[in-house]
Each structure stands twice: as C-alpha cells, then as structure tokens.
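In the UniProt record's numbering, the protein residues as written are 1 to 149.
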C-alpha cells in the first residue's frame, strides 16, 4: 500500500536486453560494464519516474551515482546559457535599438538555472572546450559570463 511499483524479474530481464542492445549499437558482440551501467540508468530513470513524489525524491538521492552515468551536463548548460544570452539580446535590442558586440549574463542567472536541474558545480563547464568554442568567457571578478559576437 505504498503506492509504488516493485522491481520484478521482468525488469531485470529488460536491463539485460538493454545492455545487449547498447553493446550492439557500439558494434560489439559482448557486453561491457558501460553497457550495463547505461541499462541500469535507463531502467532506474523509468522506475523512479513511476513513484510517488516523496519516494521519487529520496530514490533520486539514493541512486544519484547511477542516474548521472554518461550524462553530459555541459551540453545542457550550454543550451541554458544560450537561452539566457538570447533573452539579453532581445532586451538590449528593445532598449537600445541595436545589439552590442558583447553580451553579458550574470553568473548567478546560470547558477540558479543549473541548480534547478541538480547541477551544482559549473567550474568544469567554464573550463570546457565547448564553452570557449561558443565564444564565451567567464569573468570571475565581476561574476559575469561574456559572449563576443
């Protein structure tokens, strides 16, 4: 009467099939640890999403190590940052009638959005090649993120 769904043998068999499929996608005839970890992540995400909210929250904390396997936070952070830049561009265009050569986004805006999706450390993102390739720089003193156009 907890309102949650138990894991059954059927779920385990599904994880085995997903691990085998992941190996085949990578053109291997055998399963390695990465294949199993990916299958566990997919199964856990699906399983956790079916739980009651209170159970879901505690399960996400308990299984965070498995849920974060091979998840590229930098791509997600870049998407969010580009949205923030687009908002700034629109604001400047409406206020000044033209777009500036450099767009500044307060670091706090990105940090707040990242926290909402459970990303707490952005230093690896600021140091990443992806960040630099998109013409972003991080001004630590002013706590601003800059993009050159």
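The beta carbon of each residue, even a glycine, is placed where N, CA and C say it ideally should be.
{"Asked": "CB of residue 103 within 8 Å of CB of residue 76, strictly", "Found": "no"}
{"Asked": "Unbroken beta strand (DSSP E) run spanning residue 145, endpoints", "Found": "144-148"}
{"Asked": "Bounding residues of the alpha helix (DSSP H) (the contiguous stretch that carries residue 47)", "Found": "33-49"}
{"Asked": "Closest by C-alpha distance to residue 130, when choosing among 101, 119, 79", "Found": "79"}
{"Asked": "Range of the contiguous alpha helix (DSSP H) that encloses residue 156", "Found": "Since the first residue shown for the chain is 1 and the last is 149, residue 156 is missing from the structure and cannot be characterised."}
{"Asked": "Same chain, Cβ closer than 7 Å to residue 14, five either side skipped, listed in chain order", "Found": "43"}
{"Asked": "Beta-bridge partners of residue 136, as assigned by DSSP", "Found": "147"}
{"Asked": "Three-way DSSP call (helix, strand, coil) for residue 8 in this model", "Found": "coil"}
{"Asked": "As assigned by DSSP and simplified to three states, the class of residue 25", "Found": "helix"}
{"Asked": "One or two residues paired with residue 102 in a DSSP bridge", "Found": "148"}
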